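The structure under discussion appears below in the form of structure tokens.
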Amino acid sequence: MGIPDIAEALMSIFNMYTSIFLLSLASNSIPFVSIPYLGVVAGYSIIYRDLPSRVSIILLSALGASLGKVLIYFIGRAFRVKLGDVSKSNVELFKKVARKSLFFAVLVFAATPLPDDVIYIPIGIMKYPLTHYFTAVLIGKTVLTSIVALYASWMAYIAEVNLLVIPALVAVTFLLSYLVVRINWASVINAFYDKGLRGSIKVFTAEVSRVLTPAARKPKTAP
Numbered sequence: 059m060g061i062p063d064i065a066e067a068l069m070s071i072f073n074m075y076t077s078i079f080l081l082s083l084a085s086n087s088i089p090f091v092s093i094p095y096l097g098v099v100a101g102y103s104i105i106y107r108d109l110p111s112r113v114s115i116i117l118l119s120a121l122g123a124s125l126g127k128v129l130i131y132f133i134g135r136a137f138r139v140k141l142g143d144v145s146k147s148n149v150e151l152f153k154k155v156a157r158k159s160l161f162f163a164v165l166v167f168a169a170t171p172l173p174d175d176v177i178y179i180p181i182g183i184m185k186y187p188l189t190h191y192f193t194a195v196l197i198g199k200t201v202l203t204s205i206v207a208l209y210a211s212w213m214a215y216i217a218e219v220n221l222l223v224i225p226a227l228v229a230v231t232f233l234l235s236y237l238v239v240r241i242n243w244a245s246v247i248n249a250f251y252d253k254g255l256r257g258s259i260k261v262f263t264a265e266v267s268r269v270l271t272p273a274a275r276k277p278k279t280a281p
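For the sequence shown, position 148 (counting from the first letter as 1) is numbered 206 according to the numbering used here, and the numbering increases by one without interruption.
So, in structure tokens, the structure goes:
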């Protein structure tokens with residue numbers, strides 16, 4: 059069953075807003091497995107372009123996704139019960155050292171295509187404050203769904219105005235998707251922690267250049 063089939067099944071039972079909320083919730087509740095709910099968000103954003111509908115779609119999707127990540131958090135909390143005393147001491151030490159940067163890390167992972175469950179489960183293990191965790195995830199998911207919804211609406215509007223723009227928009231979309239997948243986001247985030255915003259921008263620019271520049275051909279060696 060594909061995403062359109064899931065969305066249609068939900069719509070046959072619930073209204074649009076409830077369907078978006080439930081699909082976002084379910085997609086973010088399964089560790090390391092995600093239903094591409096953002097495609098449904100983009101589709102509805104193209105159909106319903108008035109401001110109240112668009113805001114409702116963004117907020118309900120972000121809320122559902124954030125609540126789904128709360129379940130991931132509690133999965134981490136459940137693992138903590140099985141830790142020995144030494145392991146728990148190490149977790150507490152790490153929490154003290156990383157407390158200042160965890161909120162930002164949670165927000166960044168929620169707002170980007172990074173595999174967020176990789177850090178959300180350990181955050182649950184260290185019993186990071188749930189209110190801080192949920193706030194960071196909600197902000198990040200709101201940013202992510204806003205970008206998806208606004209970009210989808212903008213593409214639909216441009217396509218209506220000038221059909222010749224569609225190929226260019228498709229090309230830009232594929233290029234952005236390619237960059238998102240190929241960029242080493244871990245390096246960018248590490249640079250932010252080590253060198254600040256300017257350093258992370260420099261690393262990000264270098265990553266974009268690396269991804270877009272074809273690898274130099276190695277000279278052939280004589281047999």
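Cβ coordinates follow ideal geometry from the N, Cα and C atoms, glycine included. These figures come from a predicted structure and were not determined experimentally.
Quick one: any contact between the region 79–95 and the region 108–121, if contact means 3 or more CB pairs under 8 Å?
yes
Considering only the beta carbon of each residue, do Val99 and Thr203 sit closer than 8 Å?
yes
Given 8 Å as the limit, is there contact between the region 125–138 and the region 178–197, that is, 3 or more CB pairs closer than that?
yes
Compute the beta-carbon to beta-carbon distance between Asn248 and Glu265, rounded to the nearest angstrom, for a pair I have assumed lies under 8 Å.
Going by Cβ atoms, the distance from Asn248 to Glu265 rounds to 12 Å, so no, they are not a contact pair.
Going by Cα to Cα distance, which pick from Ile133, Phe262, Ser114 and Pro89 is closest to Met74?
Ser114
What is the DSSP secondary structure of Pro180, counted as helix, strand or coil?
helix
So Val238 packs on Pro171, CB below 8 Å; how close in whole Å?
5 Å
With burial defined as no fewer than 16 other Cβ atoms inside 10 Å of the residue's Cβ, what is the status of Ala274: buried or exposed?
Since pLDDT at Ala274 reaches only 42, below the 50 mark, its modelled position is unreliable, and the value read off the structure follows with that caveat. Answer is exposed; the Cβ neighbour count stays below 16.
Going straight from the alpha carbon of Arg240 to that of Arg268, what length do you get?
9 Å
In angstroms, rounded to a whole number, what distance separates the CA positions of Pro110 and Val206?
16 Å
I think Gly198 touches Ala169, with their Cβ atoms under 8 Å apart; what is that distance to the nearest whole Å?
4 Å
Sequence-distant residues of the same chain with beta carbon closer than 6 Å to Ala214, five excluded per side
Ile104
Roughly how many angstroms separate the alpha carbons of Leu165 and Val230, rounded to a whole number?
26 Å
Where Val113 sits in the DSSP three-state scheme
helix
Val266 lies in the alpha helix (DSSP H); which residues open and close that run?
Trp243 to Leu270
Where does the unbroken alpha helix (DSSP H) through Tyr106 begin, and where does it stop?
Run containing Tyr106: none; DSSP gives neither H nor E here.
Which listed residue (Val195, Val201 and Phe262) has its alpha carbon closest to that of Tyr131
Val195
Of the residues Gly257, Leu270, Tyr251 and Pro180, which one's Cα is nearest the Cα of Phe232?
Leu270
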